[in-house]
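**Student:** The structure follows.
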Amino acid sequence: MAKWWWRYKTEKGSVWRNVVDATHFNQNSWGYLPIKKGISGSWNMINKLEKEFATRNLNIRSLIKGSCGNGLDIRFWVDWWVGDGPLMECYPALFALEKQKSVLVAERLTVWDWRRSPISVQELVELQGCSTLVSTTVLLPTVDKWSWPSSPDGPFSVSQCRNLLAKYAVPFYPFSWFKWVPRKVSVFAWRAEQDRLPTYNGLKRRRILSGSSLCRVCGDGEEDAAHLFNSCVAAALLWQQISSWCRIPPIYAHTVRDLFDVPNHIGCSAGKKDLIKMIILAGTWTIWKMRNEVIFQGKRVNLQGLFGEVQAITFAWVKHKAKKKEWTWEM
Ligand SMILES: [Zn+2]
């Protein structure tokens, strides 16, 4: 079905595209393809593919790239034609100020049209970046073209698309929802396990962020879920403290999945396994919270504080979620 995205882009003026436009085109929408959600049918299904791709960490908008001729077919913000992805994703603050979200390249290259002038630091930084990026574009007396950059031959092919999906797709792994932890922690763990957390590397992969993806906790290594919860210095120290607290062998894992799997490989009672499962979830949750506080609230990295917090969270969950009054390793 992804083929239709490509065909819509490249078959301008064709009868079927005119029919789609007549039915679905909406001046005020800036979706990648024209869509009126109230109208069901196959076009609606094709449109939903964007979400389907997104669940596999693929941005369908960044798969088809325009190359600018006269700039009358490519939309300035919505389509990808310059830089690393659609400008609406690279410069979100500016895009929020744009009056005509679906404006064409030819219309926008000469003059901006804002709801109000950019004034915040982020808006000004984005304006400078965006202006520099598009400043070298020269319009030509030829029509705009589309290509499929992931395929060396340019045009879309179904097999290329399939390869791409296979390459990036995360196989679905039924995460064992754990009744003793708050739901938001279960959801967090499920996302971590599939590397779908908004880590620096994750955001870069989805072309939402450019720049350094260095871990802000240790400054040593690219920040993705595997790093943050396994190899980061914060994680290494925390797992060491936790394994001696729980009196289990040292915890070593390379992936988040392996980490969550640790309790299954320890020879102990089912009750203790559940407890360790909970403590590992508390550990990853605490690391993630600390990481967010460092990045978004400017707090300092507090490696020693992590373990105490994990203990406090664990006691609270045992008491309120597991409804156990007494704490023992053999619950
Ligand atoms: Zn780190």
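The sequence shown begins at 1 in the UniProt record's numbering and counts up by one.
Cβ atoms here follow ideal geometry from the backbone N, Cα and C, with glycine treated the same way.
None of these values were measured; they are calculated from a predicted model.
What is the DSSP secondary structure of Arg75, reduced to helix, strand or coil?
**Tutor:** strand
**Student:** Output needed for Ser210: all residues of its chain with C-beta closer than 8 Å, excluding positions within five of it in sequence on either side, in chain order.
**Tutor:** Asp84, Cys90, Lys204
**Student:** Leaving out five residues on either side along the sequence, give the residues of the same chain with a beta carbon under 8 Å from the beta carbon of Ile74.
**Tutor:** Gly66, Cys68, Trp81, Leu104, Val105, Asp144
**Student:** Write down the C-beta distance between Trp4 and Ile60 rounded to the nearest angstrom, noting that I regard them as a contact closer than 8 Å.
**Tutor:** Rounded, the Cβ-Cβ distance is 11 Å, inconsistent with contact.
**Student:** Around ligand 2, what residues have a beta-carbon under 5 Å from a heavy atom of it, in chain order?
**Tutor:** This structure lacks ligand 2; the ligands present are ligand 1.
**Student:** Can you tell me whether DSSP reads Ser231 as helix, strand or coil?
**Tutor:** helix
**Student:** DSSP on Pro171, reduced to helix/strand/coil?
**Tutor:** Bear in mind that the predicted position of Pro171 carries a pLDDT of just 43, short of 50, making it unreliable; the figure below should be weighed with that in mind. Pro171: coil per DSSP, three-state reduction.
**Student:** Buried or exposed: where does Ala22 fall if 16 or more other Cβ atoms within 10 Å of its Cβ makes it buried?
**Tutor:** Residue environment: Ala22 is assigned as exposed (fewer than 16 neighbouring CB atoms within 10 Å of its CB, all protein chains considered).
**Student:** Going by C-alpha distance, which of Gln297, Ile242, Lys272 is nearest Gly283?
**Tutor:** Ile242
**Student:** Ends of the alpha helix (DSSP H) at Lys65?
**Tutor:** Residue range 65-67 is occupied by the beta strand (DSSP E) that includes Lys65, with no alpha helix (DSSP H) assigned at that position.
**Student:** For the beta strand (DSSP E) containing Ser147, list its first residue and its last residue.
**Tutor:** 145-147
**Student:** What separation, rounded to the nearest whole angstrom, lies between the Cα atoms of Ala235 and Thr199?
**Tutor:** 15 Å
**Student:** Who are the near neighbours of Leu140 in its chain, counting only those whose CB is closer than 7 Å to its CB and skipping five residues on each side?
**Tutor:** Gly69, Asn70
**Student:** Decide yes or no for the touch test of the region 187-198 against the region 289-302: beta carbon pairs closer than 8 Å, at least 3 of them.
**Tutor:** no
**Student:** Name the DSSP bridge partner or partners of Trp80?
**Tutor:** Residue pairing from DSSP places Trp80 in a beta bridge opposite Lys65.
**Student:** Going by DSSP, name the residue or residues bridged to Leu104.
**Tutor:** Arg75
**Student:** Does the CB of Trp146 have a neighbour CB from chain C at under 8 Å?
**Tutor:** Chain labels in this structure do not include chain C; a single protein chain is all it has.
**Student:** With a 10 Å radius around its C-beta and 16 neighbouring C-beta atoms as the bar for buried, classify Val170 as buried or exposed.
**Tutor:** Confidence is the limiting factor: at Val170 the pLDDT is only 46, short of 50, which leaves the residue's position unreliable and the question unanswerable from this model.
**Student:** Mapping DSSP to helix, strand and coil, what is Lys323?
**Tutor:** Under the three-state reduction of DSSP output, Lys323 falls in the coil class, being neither helix nor strand.
**Student:** CB-CB under 8 Å to Thr286, same chain, minus the five flanking residues each way: which ones, in chain order?
**Tutor:** Leu238, Leu306, Glu309, Val310, Ile313
**Student:** If we ignore side chains and look at the alpha-carbon of each, how far apart do Tyr173 and Gly31 end up?
**Tutor:** Since pLDDT at Tyr173 reaches only 41, below the 50 mark, its modelled position is unreliable, and the value read off the structure follows with that caveat. Their backbone Cα atoms lie some 31 Å apart in a straight line.
**Student:** Rounded to whole angstroms, how far is the Cβ of Val181 from the Cβ of Lys321, which I believe are closer than 8 Å?
**Tutor:** 7 Å
**Student:** What does the alpha-carbon distance come out to for the pair Ile119 and Ala93?
**Tutor:** 11 Å
**Student:** Does the distance from the CB of Ser213 to the CB of Asn201 come in under 8 Å?
**Tutor:** yes
**Student:** What residue from Val262, Ile248, Arg247 has the CA that sits closest to His254's CA?
**Tutor:** With distances taken between Cα atoms, His254 lies closest to Val262.
**Student:** What whole-angstrom Cβ distance do Ile64 and Trp148 have, given they're in contact under 8 Å?
**Tutor:** 6 Å
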